[in-house]
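Participant: Quick one: the structure is below, questions incoming.
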Amino acid sequence: MQVLVIGNGGREHALLLALKKSKKVEKLYCMKGNAGTAQIAENVDVNYMNIGAVKKFAAEHPEIDYYVVAPDDPLAIGLVDELEAMGKRCFGPRKNAAIIEASKAFSKALMKKYNIPTAEAEIFDDYDKALEYVRRKGAPIVLKADGLALGKGVLVCEDLKRAEEGLKEIMLDKSFGAAGNVIVIEECLKGLKYTPGEEVSVLAFTDGKTIVPMITSCDHKRANDRDKGLNTGGMGTFSPCPFWTKELEKEVLETIMIPTMNAMNAEGRTFKGCLYFGLMRTDKGMKVVEYNSRFGDPETQVVLPMLKTDLMEIFEAITDERLSDINVEWEDGACVCVVLASGGYPLSYAKGKEITIGEVENVQIIHAGTAVKDGKLITNGGRVLGVVAKGKTVDDARRKAYKAVDNISWENMFYRKDIGIKYREG
Ligand code: AMP
Ligand code: GLY
Numbered sequence: 008m009q010v011l012v013i014g015n016g017g018r019e020h021a022l023l024l025a026l027k028k029s030k031k032v033e034k035l036y037c038m039k040g041n042a043g044t045a046q047i048a049e050n051v052d053v054n055y056m057n058i059g060a061v062k063k064f065a066a067e068h069p070e071i072d073y074y075v076v077a078p079d080d081p082l083a084i085g086l087v088d089e090l091e092a093m094g095k096r097c098f099g100p101r102k103n104a105a106i107i108e109a110s111k112a113f114s115k116a117l118m119k120k121y122n123i124p125t126a127e128a129e130i131f132d133d134y135d136k137a138l139e140y141v142r143r144k145g146a147p148i149v150l151k152a153d154g155l156a157l158g159k160g161v162l163v164c165e166d167l168k169r170a171e172e173g174l175k176e177i178m179l180d181k182s183f184g185a186a187g188n189v190i191v192i193e194e195c196l197k198g199l200k201y202t203p204g205e206e207v208s209v210l211a212f213t214d215g216k217t218i219v220p221m222i223t224s225c226d227h228k229r230a231n232d233r234d235k236g237l238n239t240g241g242m243g244t245f246s247p248c249p250f251w252t253k254e255l256e257k258e259v260l261e262t263i264m265i266p267t268m269n270a271m272n273a274e275g276r277t278f279k280g281c282l283y284f285g286l287m288r289t290d291k292g293m294k295v296v297e298y299n300s301r302f303g304d305p306e307t308q309v310v311l312p313m314l315k316t317d318l319m320e321i322f323e324a325i326t327d328e329r330l331s332d333i334n335v336e337w338e339d340g341a342c343v344c345v346v347l348a349s350g351g352y353p354l355s356y357a358k359g360k361e362i363t364i365g366e367v368e369n370v371q372i373i374h375a376g377t378a379v380k381d382g383k384l385i386t387n388g389g390r391v392l393g394v395v396a397k398g399k400t401v402d403d404a405r406r407k408a409y410k411a412v413d414n415i416s417w418e419n420m421f422y423r424k425d426i427g428i429k430y431r432e433g
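Residue numbers for the sequence shown follow the numbering used here, beginning at 8 and rising by one.
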């Protein structure tokens, strides 16, 4: 098979590395890709948000058998529907199912209607009514812009002053653009042991009939050690989640995952692809913090290296709605990804810095914002590389990853030193 992965980041590099191991895959492409994807796939210089351009490319390349649409934005505009209408086989939900991520108002209403455990919330499109509600509820309180906002449209407000400011930023100043026309205002969830609550990412394969959770992982969203600093797209991940148990998995399958799959079917919005459950352990059980309609980044970088089953076989089984035939198997042990970022990220940062990679062993270097210029590897984004190591335990994997990090550098590179040590006490 010839397979094309859409997207530019670390997640797409990790997907390509997993697909490269497949017995079924002969050739890989990446649209648009980065310097890392270019090592294992042919990069295609087409803007994937331009549906007409993607369709033109697909029409000119009948030899490509299968398209994997990885990022949220092309899913939200219906790229899968368009490719399927041309007779192409795809991995990823159609537009009417991708709304589970693209609209937080939709997903909140879905959870309410089908009794799927989540934070209590109200939805507003009127600023004055929203302000009145925020004042009545008081802080702490969580504000979420309805639409896609690069993972930055959520404000966890500790006090009322911040909540009032945040509401103005989202609804009046439109700091997240049209994503803030509608707002979801919800209670701030408390963890069982920690504040803020313990979070776990569970990605799941689903064909709309069967849902198969992957191994768990934990993200590190803040820029700096001990979860200080601004929210980012993710500074590192580790797998498995330390507080995860068979009992929790059973609870989550029965109260969250299967009900979500069934709810989407009942709404006529069957979800096929990777459904991402952002969950929080609370004193009242596991609750949904967010859904994503795709593989997580950088969760994928620590989950897929542990997959024993052929990923392409799983993808095709989902397309053909026979996922129940597949036995999805995982390696034992742990995996850690340390993200190396450009100084200044997630605010402004320089690009074009030359990257030096010395002797590194026992790791996989995943590329995110990289490019090649004049034969040299250079930075080309905020999150630049992910250093992924496997080990018997998370500590073992951490040691290997950080040892390699010591031999990688560029001007103003920064990274977190504490990836993999949270939730140690379970
Ligand atoms: P989201 O983009 O919806 O995942 O939200 C970003 C982050 O905000 C989450 O990873 C949580 O750390 C936090 N968060 C979101 N919703 C809540 C909530 N209801 N209570 C506490 N923290 C939350
Ligand atoms: N790591 C969070 C996300 O992919 O949305």
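For glycine and all other residues, C-beta sits at the position ideal for the given N, C-alpha and C.
1) Tell me, please, whether the CB atom of Ala375 is closer than 8 Å to any CB atom in chain B?
2) If you run the structure through DSSP and keep just helix, strand and coil, what is Tyr201?
3) From the DSSP output, which residues share a beta bridge with Glu89?
4) Which runs of the beta strand (DSSP E) at least 3 residues long sit entirely within the segment 65–110? Give them in chain order.
5) Using DSSP bridges, identify the partner residues of Thr267.
6) Sort Leu23, Arg288, Asn272 and Gly382 by Cα distance to Pro312 and report the nearest one.
7) By the 10 Å Cβ neighbour count, where 16 or more other Cβ atoms means buried, how is Ala186 classified, buried or exposed?
8) Let me know the secondary structure DSSP gives Tyr298 once reduced to three states.
9) Collect the residues with a C-beta less than 6 Å away from any heavy atom of the ligand GLY and give them in sequence order along the chain.
10) If you draw a straight line from the alpha carbon of Pro220 to that of Val189, how long is it in whole angstroms?
11) How long is the line joining the alpha carbons of Asp234 and Glu70, rounded to whole angstroms?
12) Give every residue of the same chain whose Cβ lies closer than 8 Å to the Cβ of Arg169, excluding the five residues on either side of it in the sequence, and list them in chain order.
13) Helix, strand or coil for Met221 per DSSP?
14) Closest by CA to Asn419, which one among Ile385, Lys102 and His20?
15) Tell me whether Leu4 counts as near the ligand AMP, meaning its Cβ is closer than 7 Å to at least one heavy atom of that ligand.
16) Who are the near neighbours of Ser434 in its chain, counting only those whose CB is closer than 7 Å to its CB and skipping five residues on each side?
17) Can you tell me whether Thr400 is buried or exposed, with buried defined as 16 or more other CB within 10 angstroms of its CB?
18) Tell me the residue span of the alpha helix (DSSP H) that contains Met319.
19) Going along the chain, which residues of its own chain have a beta-carbon closer than 7 Å to the beta-carbon of Asp332, five neighbours each way excluded?
20) Check whether the segment 280–287 touches the segment 238–246, counting contact only when three or more Cβ pairs, one atom from each stretch, lie closer than 8 Å.
21) For Arg301, tell me which candidate among Ala48, Val412, Gly398 and Cys97 has the shortest Cα-Cα distance.
22) Would you grab the beta carbon distance between Leu199 and Arg288 for me? Rounded to a whole angstrom, and I think it's under 8 Å.
23) Report buried or exposed for Thr44, applying the criterion of at least 16 other Cβ atoms within 10 angstroms of its Cβ.
24) What are the boundary residues of the alpha helix (DSSP H) that Glu254 is part of?
25) Within 10 Å of its beta-carbon, does Lys111 have 16 or more other beta-carbons around it, so buried, or fewer, so exposed?
26) Quick test of your reading: Ile123 and Pro266, contact by CB under 8 Å. State the CB separation rounded to the nearest angstrom.
27) Buried or exposed, going by whether 16 or more other CB atoms sit within 10 Å of the CB of Glu67?
28) Following the continuous beta strand (DSSP E) through Leu11, name the residue where it begins and the one where it ends.
29) Quick check: Ala137 and Ile192, are their CB atoms within less than 8 Å of each other?
30) Output the distance between the C-alpha atoms of Phe64 and Tyr55, rounded to the nearest integer angstrom.
31) Is the beta carbon of Ala104 less than 8 Å from the beta carbon of Met271?
32) Select from Cys37, Thr244 and Gly292 the residue whose C-alpha is nearest the C-alpha of Glu261.
33) In the structure shown, what three-state DSSP assignment does Asn41 receive?
34) For a minimum of 4 consecutive residues, which ranges assigned as the alpha helix (DSSP H) are wholly contained in the segment 141–210?
35) Please return the same chain residues whose Cβ sits closer than 8 Å to the Cβ of Gly215, not counting the five positions on each side in sequence.
36) If we count the other Cβ atoms within 10 Å of its Cβ and call it buried at 16 or more, is Asn57 buried or exposed?
Facilitator: Judging by the given coordinates:
1) Note that chain B does not occur in the displayed structure, where there is just one protein chain.
2) coil
3) The partner list for Glu89 (beta bridge, DSSP) is empty, contrary to what the question assumes.
4) When DSSP assignments are scanned along the segment 65–110, the uninterrupted stretches of beta strand (DSSP E) that are 3 or more residues long and fall wholly within it turn out to be 73–76 and 96–98.
5) The secondary-structure analysis by DSSP pairs Thr267 with nothing; it has no beta-bridge partner.
6) Minimum Cα-Cα distance from Pro312 among the listed residues Leu23, Arg288, Asn272 and Gly382 corresponds to Leu23.
7) Per the 10 Å Cβ criterion, buried.
8) strand
9) Selection output, chain order preserved: Gly158, Asp226, Gly241, Asn299, Gly303, Asp304 and Glu306.
10) 31 Å
11) 46 Å
12) Ala146 and Leu162
13) coil
14) Looking at the Cα atoms, Ile385 is the closest of the given residues.
15) The question about residue 4 has no answer here: the residues shown for the chain are numbered 8 through 433.
16) The shown model of the chain, from 8 to 433, leaves out residue 434, and the question about it has no answer.
17) exposed
18) Leu318 to Thr326
19) Here Asp332 has Ala324 as same chain residues with Cβ atoms under 7 Å from its own Cβ, once five neighbours each way along the sequence are excluded.
20) Judged by Cβ distances under 8 Å, the segment 280–287 makes no contact with the segment 238–246, as fewer than three pairs qualify.
21) Cys97
22) Taking C-beta atoms under 8 Å as the contact rule, Leu199 and Arg288 qualify, at a distance of about 5 Å.
23) buried
24) Lys253 to Val259
25) buried
26) 5 Å
27) exposed
28) Gln9 to Gly14
29) yes
30) So the alpha carbons of these two residues sit roughly 10 Å apart.
31) yes
32) Gly292
33) coil
34) Counting only runs of 4 or more, we get 167–178.
35) Met268, Met271, Asn272, Thr277, Phe278, Lys279 and Glu328
36) exposed
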